[in-house]
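Student: My questions will all concern the structure given below.
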Amino acid sequence: MTVGRLRVLALPLLSGAERRTALHQTRQAGVAGPNNRMKKIEAIIKPFKLEEVKDALSDIGIEGMTVSEVKGFGRQKGHTEIYRGSEYTVDFLPKIKIELVVPDGTADGAVAAISKSAKTGKIGDGKVFVSNIEQAIRIRTDEKGDSAI
Amino acid sequence: MKIHSHFKLHSVLSYILVSVLMTGLLVMPALAQPEPAAVAGAVAEAVKEAADEAPKYADMDAFAASPGYAVFTTHNLWMMIAAALVFIMHLGFATLESGLTRSKNTTNILFKNTMIVCIGLLTYALMGFNLMYPGDAFEGRLIGFGGFGVGVGSGTEVANLTDTYNAGYTYWTDFLFQAMFAATAATIVSGAVAERIKLSTFLVFSTLFVAVAYPITGFWKWGNGWLNTMATPFYDFAGSTVVHSVGGWGALAGAIVLGPRLGKFVGGRIRPILGHSMPLATIGVFLLWLGWFGFNGGSVLSADPALVSLTLVTTCLAAAAGGVAAAMTAWTVLKKPDLSMALNGVLAGLVGITAGADQMAAGSAIIIGLVAGVLVVFSVLVFDKLRIDDPVGAISVHLVCGIWGTLAVGLFGALKGGAQIVAQLKGILSIGAFTFIFALVLFLILKVTMGLRVDAEEETEGLDIGEHGNHAYPDFQPMAEK
């Protein structure tokens, strides 16, 4: 608890200068420096959970995300539907994919927020994947690294 | 899962119970009421007398000053409104057919439906109207023709544009109302052959179907041809046979000659091909239902208050009964309350009541609608079993329920009786045989001359791109100039 609180207090005080320096270095180097590592979080969730997941991520300060309507199956498999008396199997079920790129330190919190808010406890709740990100660029300003996300 | 299915079974059973009870409550007292024979007969007599005793006016001004001017204007106004209502049915067909087919064929379906109205109106003006209504000289014949074109010559205004022409409408209203009907028959074919027929071939077929086949059989009945002058005349009030079965026979011939859509029947199994927009399909059915008030209500051929209001009630009740019956049949037999079947059911009820909408008591109309609603569901299943692919159920709705509705005139209502049943069968069989053979031969000729079907690649890709070179839903397509 104490550590957590310290962190919260310390981050805004210390990281401002660090980030600016890092940003400067990054711009010079053209790659993400050691202080602005980023993670990409991809979450496949049930479509009706999108609102809750978005709110949960906003609550921990995530400022942006990309969502897409996707189809797929896992252990849940497909299901059977019926049209004009003929049955057919739907293998790919509709899901929502959320993609967000966050600074390293925020990744665990974001994953936890997604897991908690997307959970129904039933099969088909989805999955979360986390991967490293090499670089991020804001097109408008050419900022690079985690200040671009 | 178990609880869920229990709940469904329970709700289905209770729904059936409620609907049976409600139908019983509705039908029983309605059945007890006399059929509207007396009313219909008296009105028809009065209209006939009015026509016989139609005054001759010196000129149009004399007509405008005559006491009958106001009531004639009322009749004629209703007939023009009815024509406009029938016109809106074409939008209904367009939306219904595009909704029940795949999005890659939407431009093609809409194009066909647009062209059919245009072609139908033009050919009807060119020859259809005079082939269907050639005049008294051809009474009781097999075929007649009153010459090309439509028009009211100078000096004949009083004869054509007053109640001298008809107690209910002018020559122009007559043409307009009948022309709106004509294109309907060809539009029915469009749904059954959708998603695989070559556009150019379809347009040639439609032109000949609406310009030649429909007016000839239409003449047999409505033009006072042989079916209308039999000892017991064939009766088809607004066209269960003359319009809907005719379209249905054309649809059947087309679906047979074309063969099923790729992927519909695979390895001895029926693979459903889902419609892409249930909202569009539903809008279509509501538009058709609305239009049917003009289709049947206008077929009274005047604004006669008693007969028009009765007709609108029987029309509406049969549609409602058809919808309920089809929905319940699908729910019990097919396990699910299938929306597309319920929509087909509404149309089935409408097609069913069309032959006798002015001859039925409310209770009979409900029974006719209920039977049509059950029939249409089983008919769709049977045509699937026969490997006849009809994407929108046009054959089941218009042919099967058109036959049922025509027969029902002999079974229910003011005209019921053995002689009428025989007359109805004569009409169904003769018009059916002529139309089916005409359509079959025409499709076969077109198959060897122009080619009937798009190639497999185009069918897979979609007719929107293949025939028209664009998408109906072009989202996310960057449009760069070439």
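For the record, the sequence lines run as chains X and G. Note that my numbering gives residue 136 to position 136 of the first sequence, counting from 1, and the numbers run on in steps of one. Note that my numbering gives residue 192 to position 192 of the second sequence, counting from 1, and the numbers run on in steps of one. Every residue, glycine too, gets a C-beta built ideally from N, C-alpha and C.
At the level of alpha carbons, what is the spacing between A159 of chain G and V308 of chain G?
Tutor: Going by the C-alpha atoms only, they are around 26 Å apart.
Student: How about V212 of chain G: is its C-beta nearer than 9 Å to some C-beta of chain X?
Tutor: Not an interface residue.
Student: Could you give the residue range of the beta strand (DSSP E) that holds G181 of chain X?
Tutor: No answer is possible for residue 181 of chain X: the residues shown for chain X start at 1 and end at 149.
Student: Can you name the start and end residues of the alpha helix (DSSP H) that N108 of chain G belongs to?
Tutor: Counting along the chain, the alpha helix (DSSP H) containing N108 of chain G begins and ends at 106-123.
Student: Give a yes or no on whether the minimum CB-CB distance between M341 of chain G and chain X is below 9 Å.
Tutor: It does: the Cβ of M341 of chain G has a partner Cβ on chain X nearer than 9 Å.
Student: Looking at the structure shown, is T366 of chain G part of a helix, part of a strand, or coil, going by DSSP?
Tutor: Just to set this straight, residue 366 of chain G is Ile in the shown sequence, not Thr. Reduced to three states, the DSSP call for I366 of chain G is helix.
Student: Give the DSSP-derived three-state secondary structure of N36 of chain X in the structure shown.
Tutor: N36 of chain X falls in the helix class under three-state DSSP.
Student: Please tell me whether I133 of chain X and A43 of chain X are closer than 9 Å, where the distance is taken between their beta carbons.
Tutor: The answer is no: Cβ separation not under 9 Å.
Student: Below 9 Å between beta carbons is the criterion; list the residues of the segment 256-274 of chain G that meet it against any residue of chain X, in chain order.
Tutor: Within the segment 256-274 of chain G, the qualifying residues are R269, I270, R271, P272, I273, L274.
Student: By the three-class DSSP mapping on this structure, what secondary structure does T120 of chain X have?
Tutor: In this structure, T120 of chain X counts as coil in the three-state DSSP scheme.
Student: Taking beta-carbon pairs under 9 Å, can you tell me which members of the segment 75-93 of chain X lie near chain G?
Tutor: So the close ones are E81, I82, Y83, R84, G85, S86, E87, Y88.
Student: How many whole angstroms separate the CB atoms of R50 of chain X and V67 of chain X, which I take to be in contact at a CB cut-off of 8 Å?
Tutor: Reading the sequence as shown, one finds Leu at residue 50 of chain X and not Arg. The Cβ separation is near 7 Å, so the contact holds.
Student: Could you say which of X:Q76, X:G145, X:A110 lies nearest to V128 of chain X if we only look at CA atoms?
Tutor: The residue with the shortest Cα to Cα distance from V128 of chain X is X:A110.
Student: Using only CA atoms, which one of G:L442, G:E459, G:Q424, G:D389 lies nearest to I256 of chain G?
Tutor: Selected option, being the one with the closest Cα: G:D389.
Student: Going straight from the alpha carbon of Q420 of chain G to that of F234 of chain G, what length do you get?
Tutor: Approximately 7 Å between the Cα atoms of the pair.
Student: Three-state secondary structure (DSSP) at I143 of chain G?
Tutor: In this structure, I143 of chain G counts as coil in the three-state DSSP scheme.
Student: Does the beta-carbon distance from G149 of chain G to L126 of chain G come in below 9 Å?
Tutor: Yes. Within cutoff.
Student: Residues in the same chain with beta-carbon distance under 6 Å from T329 of chain G, minus the five sequence neighbours each way, listed in chain order, please.
Tutor: Cβ within range, chain order: V374, V377.
Student: With DSSP as the reference, label G126 of chain X as helix, strand or coil.
Tutor: Residue state, collapsed to three classes: strand.
Student: Going by CA-CA distance only, name the one from G:M132, G:M180, G:A433, G:G451 that's closest to W222 of chain G.
Tutor: The residue with the shortest Cα to Cα distance from W222 of chain G is G:M132.
Student: Within 10 angstroms of its Cβ, does M60 of chain G collect 16 or more other Cβ (buried), or is it exposed?
Tutor: Its Cβ having fewer than 16 others within 10 Å, M60 of chain G is exposed.
Student: Going along chain X in order, which residues have a C-beta closer than 7 Å to the C-beta of L381 of chain G?
Tutor: Going along chain X in sequence order, the residues near L381 of chain G (Cβ under 7 Å) are G85.
Student: For a quick check, are the C-beta atoms of A185 of chain G and I119 of chain G less than 9 Å apart?
Tutor: It is not a contact, given that the beta carbons lie outside the stated cut-off.
Student: Closest to T232 of chain G by C-alpha separation, out of G:V300, G:G427, G:A321, would be which residue?
Tutor: Ranking the options by Cα distance to T232 of chain G, first place goes to G:G427.
Student: Closer than 7 Å by C-beta to R138 of chain X: which residues in its own chain qualify, once you throw out the five before and the five after it? Chain order, please.
Tutor: Hits under 7 Å: A148.
Student: Taking buried to mean at least 16 other C-beta atoms within 10 Å of its own C-beta, is P391 of chain G buried or exposed?
Tutor: Classification of P391 of chain G: buried, given that the 10 Å Cβ count is 16 or more.
Student: What is the DSSP secondary structure of K46 of chain X, counted as helix, strand or coil?
Tutor: Coil, per DSSP.
Student: Considering Cα atoms alone, identify which of X:M38, X:D59, X:R37, X:N36 is closest to S117 of chain X.
Tutor: For S117 of chain X, the nearest C-alpha among the options comes from X:D59.
Student: What residues of chain A sit near L334 of chain G, judged by a beta carbon separation below 7 Å?
Tutor: Considering every chain present, this structure includes no chain A. Its protein chains are X and G.
Student: Under 8 Å between beta-carbons, which chain X residues line up against D338 of chain G? List them in chain order, please.
Tutor: Those are I82, Y83, R84, G85, listed as they occur along chain X.
Student: Do you know how far the Cα of E461 of chain G is from the Cα of H276 of chain G?
Tutor: Distance between the alpha carbons of H276 of chain G and E461 of chain G: 15 Å.
Student: Pull up the CB-CB distance for I395 of chain G and L252 of chain G, whole angstroms please, since I reckon it's below 8 Å.
Tutor: Yes, I395 of chain G and L252 of chain G are in contact; Cβ-Cβ is about 5 Å, under 8 Å.
Student: What residue does the alpha helix (DSSP H) around I388 of chain G start on, and which one ends it?
Tutor: Neither: I388 of chain G is in no alpha helix (DSSP H) and is coded neither H nor E.
Student: Counting only the same chain and skipping the five closest in sequence on each side, list residues whose C-beta sits under 7 Å from that of S103 of chain G.
Tutor: Correct list, in chain order: H276, A472, Y473.
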